[in-house]
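What follows is a short report on a single structure.
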Amino acid sequence: MTTAERREAPRTADERTSLEGWLDFHRETLALKCEGLDDKQLREATAPPSGLTLLGLVRHMAEVERSWFRRVLDGQEAPPIWYSEEDPDGDFRVTGADTGDAAFAIWRDEVAEARTAAAGHSLDEVVTRRDGRGEYNLRWIYLHMIEEYARHNGHADLIRERIDGVTGD
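Using my numbering, read the sequence shown as starting at 98 and increasing by one per residue.
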């Protein structure tokens with residue numbers, strides 16, 4: 098994994114720049130929470146009975162990026178990476194063969210794809226999910242993604258502290 102750098106979200110910017118800045122801040126926070134850990138540590142579930150791991154969170158957020166930006170916003174056919182109808186939590190289930198390098202490469206690719214998809218849409222443009230389960234605009238997707246990362250970054254804080262005592266924002 099590469100060294101994560103986290104930029105502060107802009108304090109005086111237009112709406113779109115602010116939303117993108119906060120989303121990037123939270124994306125970078127997840128990377129920071131995982132920085133310096135080996136694969137064994139990234140796979141470690143530290144808060145039983147929960148099996149939640151940092152590696153599982155990275156995989157989950159890759160799936161979430163893929164779902165909201167590629168499938169919903171851009172209407173792409175982008176099948177799930179790790180989960181399925183038979184295993185809806187497959188993104189969270191990691192094995193000894195799963196690596197941080199592989200998960201982070203896929204996550205980074207999905208973030209790049211998300212940025213590309215978002216660039217082609219205005220905040221107000223309404224898109225309908227391919228499965229017919231609702232209409233959304235990019236503003237809502239950005240806000241949901243910020244919330245999703247913030248919630249899971251809280252989980253990541255606790256997991257990381259249990260692994261090696263590292264804390265911080």
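Ideal placement from N, C-alpha and C gives every residue a C-beta, glycine not left out.
These figures come from a predicted structure and were not determined experimentally.
CB contact flag (residue i, residue j, <8 Å)
| i | j | result |
| --- | --- | --- |
| L235 | A216 | no |
| D136 | G197 | yes |
| H249 | M158 | yes |
| R227 | G187 | no |
| A128 | E162 | no |
| F189 | L134 | no |
| L220 | E125 | no |
Straight-line gap, residue i to residue j (C-alpha atoms, nearest Å)
| i | j | result |
| --- | --- | --- |
| R259 | A142 | 9 Å |
| A106 | L120 | 8 Å |
| L139 | C131 | 7 Å |
| P57 | P185 | Residue numbering for the chain in the displayed model covers 98 to 266; residue 57 lies beyond these limits and cannot be assessed. |
| D206 | R167 | 12 Å |
| E244 | V263 | 23 Å |
| A199 | G265 | 26 Å |
| H218 | F122 | 21 Å |
| V224 | E182 | 24 Å |
| L240 | S115 | 11 Å |
Interface flag, residue i vs chain D, CB-CB below 8 Å
| i | result |
| --- | --- |
| P185 | The structure shown contains no chain D; it is built from a single protein chain. |
Buried or exposed by the 16-neighbour rule on C-beta atoms within 10 Å, applied to residue i
| i | result |
| --- | --- |
| T273 | Outside the displayed range of the chain (98 to 266) lies residue 273, so it cannot be described from this structure. |
| E160 | buried |
| R257 | buried |
| T213 | exposed |
| R108 | exposed |
| L230 | According to the sequence shown, residue 230 is Arg rather than Leu. By the 10 Å Cβ count, R230 comes out exposed. |
| R104 | exposed |
Candidates the options, of which the one nearest residue i by Cα
| i | options | result |
| --- | --- | --- |
| Y233 | E222, I243, D206 | E222 |
| F201 | L152, A247, L240, S219 | L152 |
| V208 | T150, S115, E102, W165 | W165 |
| W237 | E117, A194, V155 | E117 |
| L170 | V155, M242, Y246 | M242 |
| Y246 | W204, S181, E182, H218 | W204 |
| Y180 | A194, R156, D195 | R156 |
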